[in-house]
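Participant: Those letters in the sequence shown? Residues 109 to 220, by our numbering.
From the three backbone atoms N, C-alpha and C, an ideal C-beta is built for every residue, glycine too.
Dumping the structure here so I can ask a few things about it.
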Amino acid sequence: MAAKGRPSTSGIKGVYWHKKKEKWHARLYINKKHTHLGYYNTKEEAAQAIEKVTINRDGIMITPGQSWKTRDGADRLRVIGVHSRGYLVVEMRGGRIRTFYPDSHAFYKLIL
C-alpha cells in the first residue's frame, strides 16, 4: 500500500521510481528523516529490502544478521530473520531460537 502523503510510484510503501538513475529507490521515513536503503533494478527487489528492515519505537533499524555482544565480546544474540507479523527471529547464545517484538521490554533488556 502507498504511504500517506505523496503516493508511492510503485504502489508499495517506501518504494519509488528514481528517474535520474532509472532504478527503484527503497527508503523509509524514520524519526522525521528519510533513510536510504538502496537502488534496485526491480520494484520487487526494493520491496524485499523494505521487508527485511524492522524499526523499533526509538527509530533503531534492526536487520537480519545484526548482533549484540556481551562485554567480553561474545555474541549475546543475533537477529536471523523478521517474521511477516513484525516479530524478530533471534538466535540466543547457545543456539536457542526465540521471537521478540522489537519494542518489547524483554528485547530491550537483552540488547542493553
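1. Unbroken beta strand (DSSP E) runs of length 3 or more, entirely within the region 133-159: which are they?
2. Following the continuous beta strand (DSSP E) through V197, name the residue where it begins and the one where it ends.
3. Using DSSP with H/G/I as helix, E/B as strand and the rest coil, what is Y209?
4. Here's a check: name, in chain order, each residue in its chain whose Cβ is nearer than 7 Å to the Cβ of R206, leaving out the five neighbours to either side.
5. Work out the CA separation of D211 and I188 for me, nearest whole Å.
6. Taking the alpha carbon of G202 as the reference point, which residue from R184, L196, L136, F215 has its own alpha carbon closest?
7. Taking the DSSP output, what are the residues bridged to R186?
Facilitator: Short version:
1. 141-148
2. 196-200
3. coil
4. V198, M200
5. 17 Å
6. R184
7. S175, E199
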